[in-house]
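A.B. asks: There's a structure below that I have some questions on.
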Amino acid sequence: AALENSRTLNQNKRTTYIVHMAKFRMPATFQHHSHWYDSSLKSVSGSAEMLYTYDNAIHGFSTRLTPEEARLLESQPGILSVMPELKYELH
Amino acid sequence: TTRTPQFLGLYGNADMFPDSASKSDVIIGVLDTGVWPESKSFDDTGLGPVPSNWKGACEAGTNFSSSICNRKLIGARYFSRGYEATLGPIDESKESKSPRDDDGHGTHTASTAGGSIVEGASLFGYANGTARGMAPRARVAVYKVCWIGGCFSSDILAAIDKAIEDNVNVLSMSLGGSISDYYRDSVAIGAFAAMEKGILVSCSAGNAGPSSFSLSNVAPWITTVGAGTLDRDFPAFVSLGNGQNYSGVSLFKGNPLPGKLLPFVYAGNASNATNGNLCMTGTLIPEKVSGKIVLCDRGMSARVLKGAVVKEAGGLGMVLANTQANGEELVADAHLLPATAVGQKSGDAIKKYLLSDANPTVTILFEGTKVGIEPSPVVAAFSSRGPNSITPEILKPDMIAPGVNILAGWSGSVGPTGLAVDTRRVGFNIISGTSMSCPHVSGLAALLKAAHPDWSPAAIKSALMTTAYVQYKGGEKLQDVATGKASTPFDHGAGHVDPVSALNPGLVYDLTIDDYLGFLCALNYTESEIKSVARRNFACDASKKYSLTDFNYPSFAVNIDTTQLASGSTVFKYTRTLTNVGSPGTYKVSISSQSPAAKISVEPAVLSFTQMYEKKTYTATFTVSSMAAGTNSFGRIEWSDEKRAVGSPVAFSWN
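What follows is the structure in structure tokens.
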């Protein structure tokens, strides 16, 4: 039971992902890319919120997702990749 | 910084870097731990109005007012959403939720790149002189992305996003992560977008040397900077009871040791812990170290922390001995007690005495600051080394710059050791790392950008690389402190940066966005991976041959697969295109190769340029014989018109 609980916890644990979007493939029904990003995110998670929306460095956003939500998002149209956040260190 | 401007030849060459308006309009963005805006390095005296194209802001937050920026420090932002999402809300009693630097690292790097001129700078009298950034009239914008718990890629990406929007000209990032493909690496991806906007991105190579394959930030659109020493040292001698003396280094300032020999003990014999020799917290037995000088071995914990541990246990002083991991590299620290660092050989000799004498004694003699140390520069042992583990066809690091014992601005909220117990406060601190060499190059790139506003980031990088030097004035090759022997392009890249020569290289290896897209195609990246990096609807042309060997990089890496090497020799052909950025000239090639197993020829051997921005292509042919896997050899291709020389290192690797 403890193992099962642990698995469930891990499955529900959210970590940060950076989502790369194919901005040039934005459906015409959206007036602004941020609305499209938001809609894509909402399609896999009702509660996840965007940390940042990126316009210049990448096209996309960062958010907190469970592994399952990340997997689902990756299969949505217009999503190029869903990358786990990395930690960097000072040199 | 003090000394590095002289060391780099920036003094006495003021006429080569005219004090033009454009020079002060160059903006250096620094992603780091924030800034201490009250530092004298950010005094804006004599600077004109903030550049009209600047779109940045000075964001208010904990202990930081939006009005604190000025005409030098023109922007300050902070990015913490990713950090807080992972580690919880920032504890504002420990770190400022604002651009304020509570660490010192960010103030040091920002002032190194673009700090104003400050007379009478020193750390406790050490390294005293006039401090200045490499581009003292450039403007500085700070983006705080690193916190006590680290630097998170969602924050880094947000900062790069903003820096591009704000209109910085140079981005300086003294940070790195684990080795990963470019399309997974936020620094590489963000740097690509910055490069595309004409922003030169300079990054630290990492401090994982001297191991091979230890580099960070190896994307070809990034300028990757390793570290070398200066001609300056801070000697502090170990004088043993047997009359022997050993040289070390120290930045200690405080109550001196009694003017006599003191009892001496090896930490490993003053502890019950198995790693007692390392002077880890709580491992020393006070009764065994009290009133004595303690020899600790380097490793596992911070050097300055070992000093604090000895002091806490009642020790009077410390000798910190390098082990094999660090060899003879000496890094000076502002210890809390009289202490000096010695190399492995000295450390071994001192331990031999310590363990053989029934009543060993010692004292430490502090000699202050010495300049004119030779040879210099030498490659720092900690500086990360090639080959490039992501793309071996691109030789990295690109160059080295001063990164050992660098004095620059510091945060007022932390002592020079960074330890909580260190209540001292200093305006300047002396620290080491490729973090310190990176902003040197960022500042120099800003100087070049001011002098040549129309040059691309690739052209600026080419100028810095191809004019870097690989020999001392006497003709001997640059040395590597890790081996005590000549360093190689895997250690120093194209060599040590020489900004005065870089100002007028004559020729550059330029690269456009199409070249970089072709590079990604040559890597066989998928369409989705390329789109993630390049942010555009781009697909590689299936009918086109994309080649890494023809990518117009200012250096060469030849990788030989020994399992596929034909008997006899194999030929590799690389093409390069040089662009004239100087007066008309006829350049002749000169070639050198270390090994007869790696022959170099260049066709044509003479290139004549009559017009500005004229381009000429040449082919370098590398004829390689069989060697054992794991062998490396090096060579050089240099174009010269007698007045100027443009050199490229060649690295051969048999794998």
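Top to bottom, those sequences are chains A and B.
Per the numbering used here, the very first residue in the first sequence carries number 209; after that it's consecutive.
Per the numbering used here, the very first residue in the second sequence carries number 615; after that it's consecutive.
For every residue, glycine included, the Cβ atom is placed at its ideal position computed from N, Cα and C.
For clarity, every value in this text was computed on a predicted model and none was experimentally measured.
Strictly by DSSP, which residues pair up with B:Ile704?
C.D. replies: None; B:Ile704 has no bridge partner.
A.B. asks: Find out if the Cβ-Cβ distance for the pair B:Gly702, A:Thr224 is shorter than 7 Å.
C.D. replies: Result no, Cβ atoms of B:Gly702 and A:Thr224 do not sit closer than 7 Å.
A.B. asks: Is it the case that the Cβ atoms of B:Ala819 and B:Gly941 are separated by a distance below 7 Å?
C.D. replies: No; because the gap between Cβ atoms is not below 7 Å, this pair is not in contact.
A.B. asks: Going straight from the alpha carbon of B:Leu789 to that of B:Gly720, what length do you get?
C.D. replies: In a straight line, the C-alpha of B:Leu789 is about 11 Å away from that of B:Gly720.
A.B. asks: Measure from the C-beta of A:Met258 to each C-beta in chain B and report whether the shortest distance is under 7 Å.
C.D. replies: Cβ-Cβ to chain B under 7 Å: no for A:Met258.
A.B. asks: At the 7 Å Cβ level, is B:Phe766 part of the contact set with chain A, yes or no?
C.D. replies: Taking Cβ atoms only, chain A reaches closer than 7 Å to B:Phe766, which makes this a yes.
A.B. asks: Quick check on DSSP: helix, strand or coil for B:Glu698?
C.D. replies: Of the three classes helix, strand and coil, the one that applies to B:Glu698 here is helix, per DSSP.
A.B. asks: Using a C-beta cutoff of 7 Å, does B:Tyr978 count as contacting chain A?
C.D. replies: In the sequence as displayed, the identity of residue 978 of chain B is Ile instead of Tyr. B:Ile978 does not count as touching chain A.
A.B. asks: In the structure shown, what three-state DSSP assignment does A:Ile266 receive?
C.D. replies: Looking at A:Ile266 - three-state DSSP - the assignment turns out to be coil, as it is neither helix nor strand.
A.B. asks: Work out the CA separation of B:Val1172 and B:Ser1247 for me, nearest whole Å.
C.D. replies: Rounded to the nearest angstrom, the two C-alpha atoms are 10 Å apart.
A.B. asks: Restricting to Cα atoms, I'd like to know which of B:Gly739, B:Gly743, B:Phe766 and B:Pro750 is closest to B:Ser694.
C.D. replies: Closest option to B:Ser694, Cα to Cα, is B:Phe766.
A.B. asks: Give the single residue among B:Met1050, B:Gly1026 and B:Glu673 whose Cα lies nearest to the Cα of B:Arg1039.
C.D. replies: Checking every option, the nearest Cα to that of B:Arg1039 belongs to B:Gly1026.
A.B. asks: Pairs of beta-carbons, one from the stretch 759 to 774 of chain B and one from the stretch 644 to 651 of chain B, closer than 8 Å: are there three or more?
C.D. replies: Touching, per the Cβ criterion.
A.B. asks: Can a CB atom of chain A be found closer than 7 Å to the CB of B:Leu771?
C.D. replies: So, interface residue.
A.B. asks: Would you kindly check if the distance between the Cβ of B:Arg1149 and the Cβ of A:His240 is under 7 Å?
C.D. replies: No, the pair does not count as a contact, with Cβ atoms beyond the cut-off.
A.B. asks: What residues in the stretch 777 to 805 of chain B bring their beta carbon closer than 8 Å to a beta carbon of chain A?
C.D. replies: Answer set for the stretch 777 to 805 of chain B: Ile778, Glu779, Ser788, Leu789, Gly790, Gly791, Ser792, Ser794, Tyr797, Arg798, Asp799, Ser800, Val801, Ile803 and Gly804.
A.B. asks: Is any beta-carbon of chain A found at less than 7 Å from that of B:Asn821?
C.D. replies: Yes, B:Asn821 lies at the interface with chain A (some Cβ there is under 7 Å from its Cβ).
A.B. asks: Given that B:His719 touches chain A, what residues does it touch there, using C-beta distances under 8 Å?
C.D. replies: Simply Leu298.
A.B. asks: Going by beta-carbon coordinates alone, are B:Thr977 and B:Leu871 separated by less than 7 Å?
C.D. replies: Yes, Cβ-Cβ distance for B:Thr977 and B:Leu871 is below 7 Å.
A.B. asks: Distance cutoff 7 Å, beta carbons only. Does B:Asp715 sit that close to anything in chain A?
C.D. replies: Not closer than 7 Å to any Cβ of chain A, the Cβ of B:Asp715 fails to qualify, so no.
A.B. asks: For B:Tyr860, list the residues DSSP reports as bridge partners.
C.D. replies: Paired residue(s): B:Val852.
A.B. asks: Starting from the Cα of B:Glu709, find the closest Cα among B:Ala994, B:Ser1215, B:Trp761 and B:Gly1244 and give me that residue.
C.D. replies: Ranking the options by Cα distance to B:Glu709, first place goes to B:Trp761.
A.B. asks: Tell me the start and end of each unbroken alpha helix (DSSP H) in the stretch 1023 to 1075 of chain B that is at least 4 residues and wholly inside, in chain order.
C.D. replies: Runs found: 1048 to 1065.
A.B. asks: Would a check of beta-carbon distances place A:Lys295 closer than 7 Å to chain B?
C.D. replies: Chain B, which has a Cβ nearer than 7 Å to the Cβ of A:Lys295, makes this yes.
A.B. asks: Run through chain B and tell me which residues come within less than 7 Å of A:Leu288, C-beta to C-beta.
C.D. replies: Result: Ser1142, Lys1145 and Ser1146.
A.B. asks: Can you list the alpha helix (DSSP H) stretches of 4 or more residues lying completely in the stretch 1087 to 1174 of chain B, in chain order?
C.D. replies: Fully enclosed alpha helix (DSSP H) runs of 4 or longer: 1103 to 1106, 1113 to 1116, 1127 to 1136 and 1141 to 1148.
A.B. asks: Take B:Lys1202 as the anchor and find which of B:Pro1006, B:Ala807 and B:Gly1261 has the nearest alpha-carbon.
C.D. replies: Checking every option, the nearest Cα to that of B:Lys1202 belongs to B:Gly1261.
A.B. asks: I'd like to confirm the pairing. Which residues does DSSP put opposite B:Asp911 in its beta bridges?
C.D. replies: In the DSSP output, where bridge partners are listed per residue, B:Asp911 has B:Ala935.
A.B. asks: Who are the neighbours of B:Asp657 on chain A, taking C-beta pairs under 9 Å?
C.D. replies: Residues of chain A passing the Cβ test: none, with the nearest at roughly 25 Å.
A.B. asks: With C-beta atoms as the reference, is B:Phe848 less than 7 Å away from B:Leu865?
C.D. replies: In contact: B:Phe848 and B:Leu865 (Cβ atoms closer than 7 Å).
A.B. asks: Mind listing which residues of the stretch 209 to 236 of chain A have their C-beta closer than 9 Å to chain B's C-betas, in chain order?
C.D. replies: For the stretch 209 to 236 of chain A, which is checked against every Cβ of chain B, the residues closer than 9 Å are Arg222, Thr223, Thr224, Tyr225, Ile226, His228, Ala230, Lys231, Phe232 and Arg233.
A.B. asks: Within the 7 Å Cβ cut-off, does B:Gly696 reach chain A?
C.D. replies: True, the Cβ-Cβ gap to chain A drops below 7 Å.
A.B. asks: So what does DSSP say about B:Ala755, is it helix, strand or coil?
C.D. replies: Three-state DSSP puts B:Ala755 in a strand.
A.B. asks: Rounded to the nearest angstrom, how far is the Cβ of B:Ser915 from that of B:Leu892, given a contact under 8 Å?
C.D. replies: Confirmed, about 7 Å.
A.B. asks: Taking Cβ-Cβ distances shorter than 7 Å, what residues in chain A pair up with B:Ser818?
C.D. replies: Within chain A, the residues near B:Ser818 are His299.
A.B. asks: Assuming B:Leu979 is part of the alpha helix (DSSP H), what are its boundary residues?
C.D. replies: Counting along the chain, B:Leu979 falls outside any alpha helix (DSSP H), though it belongs to the beta strand (DSSP E) covering Thr975 to Phe980.
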